[in-house]
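So for the sequence shown, this note's numbering puts the first residue at 276; every next one is plus one. Each remark here refers to the structure printed beneath this line.
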Amino acid sequence: MKSRQIGSCLDEATRLLSDAGIVGARKEARLLMGHWLNRDPAQLFGPQDEEVGAPESFFDLVNRRVSREPLSHLVGRREFWSLEFEVSDNVLDPRPDSEVLIETGLSHWPNQLDSFSVLDLGTGSGCLLLSLLKNRPYAIGVGVDVSGAALEIARRNAARIVPDGRAQFLKADWGSSISQPFDLVVVNPPYIPSDRISELDAEVANFEPLLALDGGFDGLDAYRRIAQDLARLTTSTGMILLEIGSGQSEQVTSILEKSGLVVECIKNDLAGRNRCLVAHN
Ligand SMILES: C[S@@+](CC[C@H](N)C(=O)[O-])C[C@H]1O[C@@H](n2cnc3c(N)ncnc32)[C@H](O)[C@@H]1O
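Have a look at this one:
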């Protein structure tokens with residue numbers, strides 16, 4: 276393909292994305308173009324008569340998006356708690372829903388000088404651990420994941436976001452290899468019932484790692500596993516913040532209580548849904 280004006284590429288990309296049912300097609304076209312040109316998408320408003328060469332590689336990206344590959348995977352990053360995280364198909368995309376865990380953790384230790392330890396089980400991109408440590412410069416923490424590919428991404432995110440060595444990462448099966456207790460344990464486990472995964476948006480069902488989604492037949496497998504270890508992984512005055520899926524609050528509360536933990540309250544996400552169990556020993 277010959278060179279072509281940016282504006283004409285944006286118009287065609289918008290049409291392709293819109294025809295594929297992508298909401299906010301123009302915005303996504305601009306974000307993809309910004310990524311492709313390595314330019315701030317904010318510079319791509321208004322008429323764009325500049326010519327660019329080899330636009331077919333831009334349309335490769337557009338066509339991947341038409342096939343429902345998440346925008347975050349195509350541009351390689353996703354914002355969470357106003358921080359930018361590298362993401363790929365090896366980690367769950369950080370979700371705004373999970374920000375309630377950060378809000379709750381930071382309000383429990385409200386001062387910049389507060390010093391505490393954090394354990395993040397199933398760290399994925401590292402978004403929970405790193406957002407907490409970034410905002411509390413005297414906190415330290417460990418992120419655990421069973422996926423080595425996820426940990427590579429978490430380590431790269433740590434090197435950019437908390438580069439002073441306060442975040443460590445460990446490949447392990449939940450808390451099995453951890454012996455010391457932490458002041459704060461955060462967990463966002465896979466909690467989608469196996470047979471519901473195919474009903475999720477194609478971006479999630481086809482492109483996010485099964486390991487991050489699949490909670491077994493009733494969605495609660497990981498909670499049952501983790502609950503056995505939470506008491507010994509949390510200090511006597513410590514706090515547990517556990518993300519839950521829609522309609523799971525009663526069952527997960529019961530799982531925690533059977534393990535001798537006390538569920539103090541349930542926090543809602545931005546959409547007003549029960550999202551985070553706050554528990555302790
Ligand atoms: C729902 S994702 C959460 C990722 C990240 N904490 C977040 O909030 O975006 C669950 C994570 O748990 C990890 N995981 C699944 N099974 C695990 C296991 N047995 N031990 C440790 N981590 C596990 C997955 O690899 C995935 O990164």
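Glycine included, C-beta positions come from ideal geometry on N, C-alpha and C.
In three-state DSSP terms, what is I515?
strand
Assuming L408 contacts A442 (C-beta within less than 8 Å), just tell me the rounded distance between them.
6 Å
With a threshold of 16 other CB atoms inside 10 Å of the CB of V419, please say whether the residue is buried or exposed.
buried
Applying the 10 Å Cβ sphere with the 16-neighbour rule, what's the burial state of T512?
exposed
Write down the C-beta distance between A575 and G535 rounded to the nearest angstrom, noting that I regard them as a contact closer than 8 Å.
The shown model of the chain, from 276 to 556, leaves out residue 575, and the question about it has no answer.
Would you mind giving the Cβ-Cβ distance between T509 and F457, rounded to the nearest angstrom? I have them listed as a contact below 8 Å.
6 Å
T398: CB within 6 Å of a non-hydrogen atom of ligand 1
yes
Just tell me which of D364, F355, L358 and E359 has its CA closest to the CA of R349.
According to the sequence as given, residue 349 is Leu; it is not Arg. Here the closest residue by C-alpha is D364.
Say the cut is 6 Å; is the CB of L403 nearer than that to a heavy atom of ligand 1?
yes
K446 bridges to which residues according to DSSP?
D420
By alpha-carbon positions, which one of G440, P464 and D439 ends up nearest to G450?
P464
Indicate the three-state DSSP secondary structure (helix, strand or coil) for K542 in the structure shown.
strand
So is the beta-carbon of D420 under 6 Å away from any non-hydrogen atom of ligand 1?
yes
For the region 357 to 374 against the region 306 to 314, are there 3 or more C-beta pairs whose distance is under 8 Å?
no
Can you name, in chain order, every residue of its own chain whose Cβ lies under 6 Å from the Cβ of F355, other than the five neighbours on each side?
P369 and C402
Nearest residue (CA-CA) to Y413, options S392, I472 and V341
S392
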